[in-house]
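In what follows, a structure is listed as structure tokens, so that the remarks can point back to it.
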Amino acid sequence: MEEREGKVKDLVEKLQRGEFTPKEAKKILKERGLMEQASWKWTVFGFIVYAAYFILSFPLNIKLSAQLQVISFPVVVIYISLILLAIGTFLAVWVTYSHRKKGGLKGSDETIIFYRDGLYSIMRHPGVFGFMIWFIFLPIILSAHVPFTFFTFIGIILAVVSHYYMVYVEEKVNVMKWGDEYIQYMKEVPRFNFIKGLWNLRKRR
42 MEEREGKVKD LVEKLQRGEF TPKEAKKILK ERGLMEQASW KWTVFGFIVY
92 AAYFILSFPL NIKLSAQLQV ISFPVVVIYI SLILLAIGTF LAVWVTYSHR
142 KKGGLKGSDE TIIFYRDGLY SIMRHPGVFG FMIWFIFLPI ILSAHVPFTF
192 FTFIGIILAV VSHYYMVYVE EKVNVMKWGD EYIQYMKEVP RFNFIKGLWN
242 LRKRR
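Set out below in structure tokens:
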């Protein structure tokens with residue numbers, strides 16, 4: 042079976058030869074339908090998700106806390122959440138830096154060069170995983186000041202499920218971008234399971 046190379050190989054070669062700029066390359070990606078998450082509908086979707094998460098987790102809880110059962114967390118849980126939040130921040134910052142340095146388009150939003158070193162050798166979406174950590178543990182950290190209730194759980198679940206769906210869509214685009222190379226990557230590196238990712242990395246080495 043002939044190997045599928047994906048739809049960006051020619052763009053990478055032309056970009057490396059200086060035949061067009063990263064801005065022009067992004068325009069071509071959009072024309073080829075490879076910037077799905079940069080479209081207006083995804084911008085609106087993201088805004089709705091973040092707004093719903095914020096309202097459910099904070100203002101709504103403050104207003105209705107007298108009528109709802111409030112969950113309190115031990116101090117040790119707060120400290121562990123702070124550590125995890127720092128890890129999530131590191132993951133998000135690393136991905137931003139790595140995309141700018143290695144992605145080929147000098148930006149953190151889109152990449153044209155496929156690379157799988159660093160954190161990408163352990164999990165396919167370390168940046169999104171970092172954001173999920175923020176959505177989950179920020180309300181726990183703030184629970185001493187903002188009540189943690191049933192609505193907080195709904196907000197967290199909404200944010201996590203929405204990001205999982207966005208990752209699913211992104212992977213479909215990535216397969217179009219890089220073809221069989223990315224399909225093989227999906228077989229070798231888990232989406233979020235970093236424990237399995239570390240185990241697989243150990244076996245590959």
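According to the numbering used here, the sequence shown is numbered sequentially starting from 42.
No residue lacks a Cβ here, since even glycine has one placed at the ideal position from N, Cα and C.
Only a predicted model underlies this, so the values are computations on that prediction, with no experimental measurement involved.
Give the DSSP-derived three-state secondary structure of residue 114 in the structure shown. coil
Q. For residue 189, which beta-bridge partners are listed by DSSP?
A. 112
Nearest residue (CA-CA) to residue 152, options 200, 242 and 143: 143
* How is the alpha helix (DSSP H) around residue 53 delimited, first residue to last? -> 50-57
Note to self: Looking at residue 154: is its Cβ nearer than 8 Å to the Cβ of residue 53?
What the structure shows: yes
Exposure of residue 81, with buried meaning 16 or more beta-carbon neighbours within 10 Å
exposed
Review point. Going by the beta-carbon positions, is the gap between residue 253 and residue 133 smaller than 8 Å?
Key: It is not possible to answer for residue 253, since the shown part of the chain is limited to 42 through 246.
Beta-carbon spacing of residue 97, residue 193 below 8 Å: yes
(request) Measure from the alpha carbon of residue 76 to the alpha carbon of each residue in 221, 135, 146 and 139, then state which is nearest. (result) 146
Note to self: Determine whether the beta carbon atoms of residue 113 and residue 184 lie at a separation below 8 Å.
What the structure shows: yes
Label residue 170 either buried or exposed according to how many other C-beta atoms from any shown protein chain fall within 10 Å of its C-beta, with 16 as the threshold for buried.
buried
Next on the checklist: So the candidates are 178, 94 and 128; which of them puts its Cα closest to the Cα of residue 119?
Outcome noted: 178
I need the straight-line Cα distance from residue 228 to residue 156, nearest angstrom please.
15 Å
Discussion item. Measuring only the C-alpha atoms, how far is residue 191 from residue 197?
Written reply: 10 Å
request  = Assign residue 62 to one of three DSSP states: helix, strand, or coil.
outcome  = coil
Exercise for review: Alpha carbon to alpha carbon, how far is residue 211 from residue 47? Give it in angstroms, no decimals.
Suggested key: 14 Å
Review point. What is the DSSP secondary structure of residue 99, counted as helix, strand or coil?
Key: coil
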